[in-house]
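From first to last, the protein sequence lines are chains B and E. The opening position of the first sequence corresponds to residue 49 in my numbering, with each subsequent residue numbered one higher. The opening position of the second sequence corresponds to residue 91 in my numbering, with each subsequent residue numbered one higher. Ideal Cβ positions, reconstructed from N, Cα and C, are used throughout, including at glycine. It should be emphasised that the depicted structure is a prediction, and the values quoted were computed from it without experimental measurement. Here the structure is laid out as structure tokens; the discussion comes afterwards.
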Amino acid sequence: NAGVTQTPKFRVLKTGQSMTLLCAQDMNHEYMYWYRQDPGMGLRLIHYSVGEGTTAKGEVPDGYNVSRLKKQNFLLGLESAAPSQTSVYFCASSTTAREQFFGPGTRLTVL
Amino acid sequence: QQPVQSPQAVILREGEDAVINCSSSKALYSVHWYRQKHGEAPVFLMILLKGGEQKGHEKISASFNEKKQQSSLYLTASQLSYSGTYFCGTGAGSYQLTFGKGTKLSVIP
């Protein structure tokens, strides 16, 4: 089992460009999450999903959109990237109230 | 609102003990603890559910005082491999977590 995978691992964007981060899990988990991690800030929840076809906003959703068309995939989109979105992005998945399994992360730099 | 972790950083010598605290202003259903090594993803350590349960994992254990909305992580006889940043994640419901800013633990020989 691969667990949780994320693509790409690294990306550099210019201000105003768009991109999509892909998260995939093979554990048949219902719940999936996108976090961003900035120095000294811990992990902050961007959006999450409690099942295929559903999404909800987390703590810091502005500037991001998500989709969960298939149970195993959770996509995070940036429509118009800003330097403030420079961060490390982690995807995670879980079953109810259980441990969250994290992907390896995507390091995004917006110039 | 993020839970508050203390201390922010701690340096230990091998074999010493440490306690990391996590405090929330909200009523909690669960507390999760994760460890993250530099450049890697967070890794689950343990979960504590409402009920004041204490859980253990080798020489790492934790407690959860739901009345005070606090949890503590106890690291006994620390090893070099314990170095990393420890995060608590608090949940008012069954799946969404809010993470603290982390406690950086450094274990030196």
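Taken in chain order, the whole beta strand (DSSP E) runs of length 3 or more contained in the region 52-131 of chain B are 52-55, 58-61, 67-73, 79-86, 90-97, 113-115 and 121-126. When DSSP states are grouped into helix, strand and coil, Tyr137/B belongs to the strand group.
For Thr55/B, the closest of Leu124/B, Thr134/B and Leu159/B by C-alpha to C-alpha distance is Leu124/B.
Contacts with chain B (Cβ-Cβ distance below 8 Å) from the region 177-193 of chain E involve Phe177, Gly179, Gly181, Ser184, Tyr185, Gln186, Leu187, Thr188, Phe189, Gly190, Lys191 and Gly192, listed in chain order.
For His122/E, the enclosing beta strand (DSSP E) covers residues Ser120 to Gln126.
Beyond the five residues adjoining it in sequence on each side, Tyr164/E comes within less than 6 Å, by CB distance, of Val109 and Ser151 in the same chain, given in chain order. Counting of Cβ neighbours within 10 angstroms places Leu69/B among the buried residues, the total reaching 16 or more.
Straight-line measurement puts the Cα of Gly106/B at about 18 Å from the Cα of Gly153/B.
Comparing alpha-carbon positions, the option among Gln159/E, Lys127/E and Leu195/E lying closest to Thr166/E turns out to be Leu195/E.
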